[in-house]
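Residue numbers (our numbering), protein chains in the order written: chain A, 12 to 666; chain X, 275 to 430. Here a beta-carbon is modelled for each residue, glycine too, at the ideal position from N, C-alpha and C. Shown next, in structure tokens, is the structure this report addresses.
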Amino acid sequence: MIAELGLAALWLAAALAALQLVSGALGLTERGAVLGGAVRPVAVVQGGLALLAFACLIYVFSVTDLSVKLVALNSHSMKPLVFKIAGAWGNHEGSMLLWVTVMGLGGAFVALVEKRLPERTMLATLAGQAFVSLGFYAFLLFASNPFERLSPVPMEGNGLNPLLQDLGLAFHPPTLYLGYVGLSIAFSFAIGALVTREVGPAFAKAMRPWVLGAWIFLTVGITAGSYWAYYELGWGGWWFWDPVENASLMPWLAATALLHSCGVLAARNALRAWTIMLGVVAFSMSMIGTFLVRSGILTSVHAFAVDPQRGTFILALLAIYIGGALVLFGLRAATVTEGERFAFVSREGALVVNNVMLSAILGIVLFGTLYPLFAEAMGAKVSVGPPYFNPMSALFAVPMLVVLMVGPLLRWRRDKFGRVGRELVIPAMLIVAAGICVLVLGGVALLPWIGLALSVGLGWASLLPLKGRNLRRTPLPIWGMVVAHFGIAVALFGMSSESAFSVEKLVAVRMGEVTQVGPWGVKLDTVEPVAGPNWTAMEARLLVRYGIDGKVTRMLPQSRSFWAPPQQTSESALLTRWNGQLYAVLGGEAPKVDGEKQSRWQLRLWWKPFAPLIWIGGLLIALGGLLALLGRVAADVRRIVAKDKIAYRREKQGR
Amino acid sequence: MATVAKSPIKAKHQRLVLLIVALVVLIGAALLAAWALRNQASYFYVPSEIVARPPEPGRAVRLGGMVEKGSLKTAADGVTINFAVQDGKARVPVTFKGIVPSLFVEGSGVVAEGKMGTDGTFVADNLLAKHDENYVPREMQDMSREQAQKVMQETK
């Protein structure tokens, strides 16, 4: 019953999206202007219906209604409730439903609050949003119905992939989706602005909070995903250049570029066509990412089952939206008039460097991700990994980070290096000093060496915009910029330190044996079986000590066996100190050699100096975005309130 | 580029300059990517191919096939394993140091990432085994049906 209700809500929402598209498009013409009034309410109801459908799906998952095929395939009655609920979006159909839900809610929210732009632009924007939603509704209803019934009803469900049964991962996909879909709003704004030729500071100011919001969610999602991969996969790495990771990184790169070019457009009315283009690219990257993940055409830990029909469907959607948007851009770009001029040495100039470099990195990542597909079409099977991605992206990231030290200090329009040069003496000296220090330590590869040196200087330089300001009266967006840029330095330091100074040890030890990894002494105390709600495990008790006279701490890595579906995962144990993280994974029992009596257990240990800074930096970047967003929204609210007050006074005075 | 500031150029020209700069960087990135990919992509081999035309030692490649029955041996240190991967026509000895995936057993399918050593042994840095119904290394989908059935029997 509930499942049918959900399906009905989904169909209704799709129908309303069609209505929104038609009335929005007709509302732009003179004869259909009356219809324009329907667009906003329809958008709100559409969002509500999509939410209702999603709530129904959550319900059937939380009560484990096995007559619904999706539940039977992906859930199990013996699973903790939170993972039952998370299971609703831990699969193909559910995640697509989440996608349209977020998209519908985003459209509804825009329809409710966005009043700054000319109504015509808003109509075109909401029509664009409906157009995109419609494709995904069609995809859900025709190619991947989440509410399909199953007969006969099975006795028990198949369960959820144990790797996904983790709190961090339960909330990782929704966060990323909020980001992806937030970019759909930027996309719709770009379409709306192109259709009505309203490209200017007002448009950038209206679009910016949405881009910022989406970007914050993407940043948090990527950071969380990276940490999940780090502790859950038990491979000790935090970024694998896996296609799915790249799928989330590409929209982030585009969104970061868009964010900065939006700033230029809002403040100086320059980079007009470029900003529109980035708006189109950013959401295209979200869709390409979804295509890569959902179609299963690339090997990935995250990829769901391969289904050629779905792949073709999404490919068709991609072609329609991206192709359509690019055609529209091609037709209208010439009519977007030139923006204001600026000198090369200026804030705008620095931001152009940021944009171009981010786009280049985006191109590098996109090429590397898609190359295996092209190669396969030519008959060769390849995989592309860190040896390609690391140096190639660094090639563009390093110059960008150097400009990042200077850019925020420059004035808009025109400036001279001489004016800011003195400020940069300390960061430059810090870079040289750090570079020499690391060289003296020795044994560090080129990229981490550059990263370590650069991050120290960048950390200092990122704080310089605050110099000479009254900190209590500094606007929030400035704080946001400083915090986010400082976060980049922190994360860069963590990444470089992790790859430069990590110590790894792989051993098979007897109980009571002590092994050394970096400054740590690790003693295997016991290995005992333990059980959880849907798994059993072997749990090792490690007693670890930092240095010779440190406090003894316990670590409990597990090797877990799930039974539905049958799979083994290693639960790593992490011990965080201010200067790094000790990472322990329990393997299996080593086969006995030559009449050994006592069994040996495989242990994999890492000492990773300053590794947690990677994610702390990521969160700082997101926090910077949040501060900027709060500042912008607060300013908007103040302006609206002031406007209302003025209107009210006028009314009172009878004018 | 300081001349840009001095000589008042037209807005149209500025746009052109920006466009050209962006295009040059992007095309440069694309060319670099194409060049690097040709050198860095790691190719997939099955044992008969790697025996017939071995890649130069040290080049990152992937090797996919079946773990030969009776070939799996653990070295004295308890963490190094040696086994052979075969595809019915040829066999390649593989050595791997690390914790093996749980579904890695003799007779099952495996994709090993690593390098060819000078002595004809494949040194794996990573093993991908069939570890989930939904996730099969893509290379393994193309194995013969007979082999696939064998994998299913072994791992079910």
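Local conformation of residue i per DSSP, three classes
i: F370 of chain X; result: strand
i: L30 of chain A; result: helix
i: A358 of chain X; result: strand
i: P620 of chain A; result: strand
i: R425 of chain A; result: coil
i: K663 of chain A; result: helix
i: A350 of chain X; result: coil
i: F318 of chain X; result: strand
i: L306 of chain X; result: helix
i: K478 of chain A; result: coil
i: E41 of chain A; result: coil
i: S572 of chain A; result: strand
i: G599 of chain A; result: strand
i: A519 of chain A; result: strand
i: G498 of chain A; result: helix
i: Q578 of chain A; result: strand
i: A344 of chain A; result: helix
i: M566 of chain A; result: strand
i: V335 of chain X; result: strand
i: R327 of chain X; result: coil
i: A181 of chain A; result: helix
i: V644 of chain A; result: helix
For residue i: DSSP bridge partner residues
i: N400 of chain X; result: X:E387
i: S394 of chain A; result: X:S316
i: Y594 of chain A; result: A:L585 and A:W617
i: M440 of chain A; result: Beta-bridge pairing links M440 of chain A to no other residue.
i: W552 of chain A; result: Checking the displayed sequence, the identity of residue 552 of chain A turns out to be Arg instead of Trp. Answer is A:T537, bridged to R552 of chain A.
i: M340 of chain X; result: X:Q360 and X:G383
i: R611 of chain A; result: A:A601
i: Q527 of chain A; result: A:G532
i: R160 of chain A; result: A:V79
i: W250 of chain A; result: According to DSSP, W250 of chain A bridges with nothing at all.
i: Y557 of chain A; result: A:W531
i: V514 of chain A; result: A:W618
Partners in chain A for residue i, counting only beta-carbon separations shorter than 7 Å
i: N352 of chain X; result: Per the sequence shown, residue 352 of chain X should be read as Gly rather than Asn. Neighbours of G352 of chain X on chain A, chain order: A519, A601, R611 and Q613.
i: Q288 of chain X; result: R352
i: V295 of chain X; result: V367
i: L292 of chain X; result: V363
Neighbour-count burial assignment, residue i, 16 or more Cβ in a 10 Å radius
i: P488 of chain A; result: buried
i: I437 of chain A; result: exposed
i: Q609 of chain A; result: exposed
i: S311 of chain A; result: Legend: pLDDT at S311 of chain A = 43, less than 50; position of this residue unreliable, value from coordinates given subsequently. S311 of chain A is buried by the Cβ-count criterion.
i: T112 of chain A; result: buried
i: G432 of chain A; result: exposed
i: E662 of chain A; result: exposed
i: L481 of chain A; result: Here residue 481 of chain A turns out to be Asn, not Leu, going by the sequence shown. Per the 10 Å Cβ criterion, exposed.
i: Y409 of chain X; result: With a pLDDT of 43 at Y409 of chain X, under the threshold of 50, the predicted position of this residue should be treated as unreliable, though the coordinate-derived value follows. Y409 of chain X should be labelled buried.
i: A14 of chain A; result: buried
i: T587 of chain A; result: exposed
i: G344 of chain X; result: exposed
i: H313 of chain A; result: Residue placement at H313 of chain A is poorly supported in this model, since its pLDDT is 41, which falls under 50; the coordinates still yield a value, given next. So H313 of chain A ends up on the buried side.
Contacts that residue i makes with chain X (C-beta to C-beta distance below 8 Å)
i: V395 of chain A; result: L311, Q314, A315 and S316
i: E243 of chain A; result: Those do not exist, as E243 of chain A stays about 14 Å from chain X at its closest Cβ, beyond 8 Å.
Contact belief for residue i with residue j at Cβ below 8 Å, rounded distance in angstroms
i: A281 of chain A; j: E209 of chain A; result: Not really, about 16 Å apart at Cβ, beyond 8 Å.
i: L187 of chain A; j: L229 of chain A; result: 7 Å
i: L362 of chain A; j: G418 of chain A; result: 7 Å
i: A119 of chain A; j: G58 of chain A; result: 3 Å
i: T397 of chain A; j: W252 of chain A; result: It should be noted that the sequence gives Pro, not Thr, for residue 397 of chain A. With 8 Å as the limit, P397 of chain A and W252 of chain A qualify as a contact, their Cβ atoms being about 6 Å apart.
i: Y191 of chain A; j: P262 of chain A; result: 6 Å
i: M492 of chain A; j: A639 of chain A; result: 7 Å
Chain A residues whose Cβ lies nearer than 9 Å to that of residue i
i: T369 of chain X; result: Under the 9 Å cutoff, chain A gives no residues; its nearest Cβ is about 14 Å from T369 of chain X.
i: G332 of chain X; result: Ordered by position in chain A, no residue passes the 9 Å Cβ test against G332 of chain X, which lies about 11 Å from the chain.
i: G372 of chain X; result: L517, G598, Q613 and R615
Interface residues of chain X facing residue i [CB-CB closer than 9 Å]
i: A386 of chain A; result: L311, A315 and Y317
i: S370 of chain A; result: A296, V299, L300 and A303
Interface residues of chain A facing residue i [CB-CB closer than 8 Å]
i: A304 of chain X; result: G374 and F378
i: A398 of chain X; result: The contacting residues do not exist; A398 of chain X stays about 14 Å from chain A at best.
Contact with chain B by residue i, beta-carbon distance below 7 Å
i: A358 of chain X; result: No chain B appears in the structure shown, which is made up of the protein chains A and X.
Contact set between residue i and chain X, taken where Cβ atoms lie within less than 7 Å
i: M12 of chain A; result: Here the premise fails: no neighbours, minimum Cβ distance about 30 Å.
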